[in-house]
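Enquirer:
In the UniProt record's numbering, the protein residues as written are 1 to 260.
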């Protein structure tokens with residue numbers, strides 16, 4: 001009797017143990033499901049509404065093709081170095097250190113001594129740069145006079161050193177001018193010791209005398225009057241006796257006048 005009662009009680013205990021274990025596992029599984037559900041809900045809420053409000057649209061990201069293009073230089077234009085170097089001043093001029101050193105052209109030191117005479121406003125002796133033309137010599141002498149006849153002149157002719165450029169007046173015969181390097185331009189012949197076409201003060205009239213530098217109508221009249229009263233001049237020194245002519249003018253007239 002006693003053994004049967006103990007075995008009956010033991011069988012009762014053995015049947016209750018699986019039921020309790022099942023309940024424990026079921027409770028743990030339910031707890032895990034609840035935790036996972038809460039985590040899923042929190043994750044979804046944070047993703048869809050990080051600030052607790054409604055859904056906000058994402059900001060539009062500009063595509064590469066919609067970016068503004070930089071201005072392009074026109075064909076053949078040289079890119080400016082101002083932006084790349086940063087050396088430009090407030091006035092926009094480049095730093096002198098960035099400029100290429102370009103040697104300045106060396107002016108010619110050769111000068112031509114030309115006697116411009118005839119129908120010009122200020123006849124006389126002028127110094128012109130090498131390669132000067134006839135029109136430049138006339139411009140140096142003040143330009144053509146109102147009664148000048150330049151139709152027989154080659155204004156584009158090159159003038160040479162120690163030459164005389166004569167501008168004829170209206171009515172004068174160009175053929176009467178001494179032969180030279182061109183129309184109206186006379187040059188000393190080779191081997192001669194003095195320039196050609198000197199003005200003969202013993203035969204020249206008032207107009208011819210006024211071609212000499214510094215001689216105007218009054219002084220030309222004094223020369224003619226002195227020549228008529230005292231005879232022809234024999235040298236430059238004789239001109240010193242004419243009223244209005246001094247040592248400075250004699251020095252200027254010496255290479256330009258003749259007495260034959």
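From the three backbone atoms N, C-alpha and C, an ideal C-beta is built for every residue, glycine too. Values in this document were obtained by computation on a predicted structure and should not be read as measured data.
For the pair the segment 148-159 and the segment 239-256, tell me if three or more CB-CB distances fall below 8 Å.
Expert: no
Enquirer: How do the segment 211-220 and the segment 121-135 stand: do at least 3 beta-carbon pairs fall below 8 Å, yes or no?
Expert: Cβ pair count under 8 Å is three or more, so yes.
Enquirer: Roughly how many angstroms lie between the CA atoms of residue 164 and residue 200, to the nearest whole one?
Expert: 15 Å
Enquirer: Looking at the secondary structure, which residues open and close the beta strand (DSSP E) in which residue 156 lies?
Expert: Neither: residue 156 is in no beta strand (DSSP E) and is coded neither H nor E.
Enquirer: Buried or exposed: which applies to residue 118, given that a residue is buried once 16 or more other Cβ atoms fall within 10 Å of its Cβ?
Expert: Using a 10 angstroms sphere on the CB of residue 118, the tally of other CB atoms reaches 16 or more, which defines it as buried.
Enquirer: How is the alpha helix (DSSP H) around residue 206 delimited, first residue to last?
Expert: 206-209
Enquirer: Which residue's Cα is closest to the Cα of residue 259: 239, 244, 252, 243?
Expert: 239
Enquirer: When the distance is taken between beta carbons, is residue 128 closer than 8 Å to residue 141?
Expert: no
Enquirer: DSSP state of residue 148, grouped into three classes?
Expert: strand
Enquirer: Which residue marks the beginning of the beta strand (DSSP E) containing residue 113, and which one marks its end?
Expert: 111-118
Enquirer: For a test of the three-state rule: what should DSSP assign to residue 163, helix, strand or coil?
Expert: DSSP places residue 163 in strand when its eight states are reduced to three.
Enquirer: Between which two residues does the beta strand (DSSP E) carrying residue 127 extend?
Expert: 124-129
Enquirer: Report the rounded CA-to-CA distance for residue 205 versus residue 224, giving the unit in angstroms.
Expert: 8 Å
Enquirer: Is DSSP giving residue 200 helix, strand or coil here?
Expert: Reduced to three states, the DSSP call for residue 200 is strand.
Enquirer: Between which two residues does the alpha helix (DSSP H) holding residue 212 run?
Expert: It is not in any alpha helix (DSSP H) - residue 212 carries neither H nor E in the DSSP assignment.
Enquirer: Taking all protein chains shown into account, do 16 or more other C-beta atoms lie within 10 angstroms of the C-beta of residue 168, making it buried, or fewer, making it exposed?
Expert: buried
Enquirer: What would DSSP say about residue 242, mapped onto helix, strand or coil?
Expert: coil
Enquirer: Check residue 260 in the structure and name its three-state DSSP category.
Expert: coil
Enquirer: Looking at the structure shown, is residue 189 part of a helix, part of a strand, or coil, going by DSSP?
Expert: Because residue 189 sits at a pLDDT of 41, beneath the cut-off of 50, its placement in the model cannot be relied upon, and the point is left open.
Enquirer: With H, G and I counted as helix, E and B as strand and the rest as coil, what does DSSP make of residue 180?
Expert: With a pLDDT of only 41 at residue 180, under 50, the local geometry of the prediction cannot be trusted, and the value read off the model is given with reservation. Coil.
Enquirer: Under DSSP, the alpha helix (DSSP H) around residue 136 begins and ends at which residues?
Expert: Looking at the DSSP string, the run of the alpha helix (DSSP H) that includes residue 136 is 134-140.
Enquirer: Residue 158: which of 209, 218, 131 sits nearest, CA to CA?
Expert: 131
Enquirer: Expressed to the nearest angstrom, what Euclidean distance is found between the alpha-carbon atoms of residue 47 and residue 41?
Expert: 10 Å
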